[in-house]
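Residue numbers (the working numbering): 4 to 148.
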């Protein structure tokens, strides 16, 4: 897996983003933004157990794109969560920062277009892992069968 930064990150930009959101980002994701303001990911996959599928990951959004998707989709997601990236088909990666309703903290795959057979308007968001750091490790070590 190769990570190529979209923009140079900074702690000041990450702090401003966190202030805009009105909630605290997990340290691992905050530190990622402070170093890499978004990143293109080459040849990386993760597995979504609930749908039994391997997903190719494409990129982590830069702060500007995170703000745009937050403003567009925030009402569709649990409080204190945001979209942080996507796969090549446009399905999104959701970071939930606190337990809310049926959602625990962690990383989720959001199949908004219902690409997979298991997805529908009532069920299209699937748990992937507990932390951003764990997600990076998954991307680094997942190989297709």
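Backbone N, C-alpha and C fix where the C-beta goes; we use that ideal spot for every residue, glycine too.
On the DSSP bridge list, what partners appear for residue i?
i: residue 60; result: 47
i: residue 95; result: 89 and 113
i: residue 8; result: 42
i: residue 84; result: 99
i: residue 106; result: 103
Buried or exposed: residue i, going by 16 or more other Cβ atoms within 10 Å of its Cβ?
i: residue 122; result: Because residue 122 sits at a pLDDT of 44, beneath the cut-off of 50, its placement in the model cannot be relied upon, and the point is left open.
i: residue 148; result: exposed
i: residue 35; result: buried
i: residue 52; result: exposed
i: residue 79; result: exposed
My guess is that residue i and residue j are in contact by the Cβ rule of under 8 Å, so how many angstroms apart are they, rounded?
i: residue 99; j: residue 111; result: 6 Å
Kindly indicate the opening and closing residues of the alpha helix (DSSP H) around residue i.
i: residue 78; result: Premise fails: residue 78 is in no alpha helix (DSSP H) and is neither H nor E.
i: residue 141; result: 135 to 144
Taking the beta strand (DSSP E) that residue i falls in, what are its first and last residues?
i: residue 130; result: 128 to 132
Are the CB atoms of residue j and residue i within a distance shorter than 8 Å?
i: residue 62; j: residue 42; result: yes
i: residue 65; j: residue 127; result: no
i: residue 48; j: residue 140; result: no
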